[in-house]
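In the numbering used here, the protein residues as written are 54 to 375.
So this is what it looks like as structure tokens:
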């Protein structure tokens, strides 16, 4: 995983090619089916272009939407391995209904079906162990499939100055502060996607529980869970606050007050500002920082960051029918 993080900028130079035709997405709803790291690209696109109507489907079958909506939508099946059970089921159900989804995969059954059915597809390189670290290539593939020319140009500009190695020291510092703690990843609603990325990267790489939520919603419910006046110790939480200088001033005020209240309850806080010249650079800088944090946290627990035994065991038992 170390080399994958170190060379992340190379993912942003990936030149994707759509095979088997052109996808007309102008003015249409986009439905992307993907699980885990395979739908992060859609989340990122929704962040980068909030005007796009993007629906992420992370379950079996087709989403519970009216047939007339599905007919008029762009359907995409995305799986890094190409063998994700839920995504394969989405593709099969789509074909049975007469739809013609597009496919993004590095190989597997999904890519084979795309070729056999002459569906539009993009093959991403099969060079990275875990899909959560391949979000750069997946994002470029999705932008290419949907003809997001402006964002592709922005990504090319970001790739020229992006230096993942410079973020490693900060990632290790955060990891040292999170060892033997349970992270609470909080941010503004606008940066929900970035916080969710932090959560799953630490979940899978360091194999610890992580919770995330967004302002202002969390002030109306989750905050109350830390305010119990009791001698019983709280779980060893640490707040990781993702902040942006573009945050609404009212949200920033809520962040400050929440930080103070949690500190009064013995919960330390790590502020992690989003840095970059534009939203995409801020997002990818934060995602790579999350990768470094998760990587060094795994090492602190004497774990192999490349492995994900719990998920692999779960998949094995599902396949065996247990």
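Glycine included, each C-beta is placed from N, C-alpha and C at the ideal position. Note that the structure is a prediction, hence the values are computed from the model and not measured.
Shown here, residue 348 sits in a helix according to DSSP, grouped into three states. In this structure, DSSP gives residue 57 a helical state, which the three-state scheme calls helix. If the five residues before and after residue 134 are omitted, its C-beta is found closer than 6 Å to the C-beta atoms of 161, all from its own chain and listed in chain order.
Our two residues, residue 210 and residue 249, have alpha carbons roughly 25 Å apart in a direct line. Going by DSSP, residue 266 is part of the beta strand (DSSP E) stretching over 264 to 268. Less than 9 Å separates the beta-carbon of residue 200 from that of residue 76. Taken atom to atom, the span from the alpha-carbon of residue 132 to that of residue 164 is near 9 Å. Put simply, the region 211 to 224 does not touch the region 299 to 310. Fewer than three CB pairs are less than 8 Å apart.
The beta carbons of residue 292 and residue 239 sit closer together than 9 Å. Burial check for residue 236: the Cβ neighbour count within 10 Å reaches 16 or more, so the residue is buried. Segment contact: the region 54 to 65 against the region 334 to 346, three or more CB-CB distances shorter than 8 Å; contact assigned. Secondary structure at residue 103: coil, using DSSP grouped into helix, strand and coil.
Rounded to the nearest whole angstrom, the C-alpha separation of residue 82 and residue 130 is 14 Å.
Around the C-beta of residue 89, 16 or more other C-beta atoms lie within 10 Å, and the residue is accordingly described as buried.
With a threshold of 16 other beta carbon atoms within 10 Å, residue 118 falls short and is exposed. Less than 9 Å divides the Cβ of residue 290 from the Cβ of residue 234. Between residue 219 and residue 350, the gap from beta carbon to beta carbon reaches 9 Å or more.
When the Cα atoms are used, residue 87 and residue 113 turn out to be separated by approximately 10 Å. Residue environment analysis places residue 190 among the buried positions, since at least 16 neighbouring C-beta atoms fall within 10 angstroms of its C-beta. Annotation: residue 241 is outside any alpha helix (DSSP H); the continuous beta strand (DSSP E) that includes it extends over 235 to 241. DSSP places residue 113 in the coil class of the three-state scheme, outside both helix and strand.
Distance between residue 352 and residue 255, taken at the CA atoms: about 12 Å. Each residue's CA atom was taken as its position, placing residue 368 and residue 301 some 42 Å apart. A straight-line Cα-Cα distance of about 21 Å links residue 142 and residue 185. Counted as a single uninterrupted DSSP element, the beta strand (DSSP E) harbouring residue 326 occupies residues 322 to 326. Between the alpha carbons of residue 266 and residue 273 lies a distance of about 11 Å.
Residue 109 and residue 85 do touch by the CB rule: their CB atoms are close to 6 Å apart, below 8 Å.
Taking all protein chains in view, the Cβ of residue 328 is surrounded by fewer than 16 other Cβ atoms within 10 Å, so the residue is classified as exposed. For residue 195, the three-state secondary structure derived from DSSP is helix. Secondary structure of residue 295 (DSSP, three-state): strand. In the assembly as shown, residue 354 is an exposed residue. Its beta-carbon has fewer than 16 other beta-carbons within 10 Å.
In the displayed model, residue 367 falls within a helix according to three-state DSSP.
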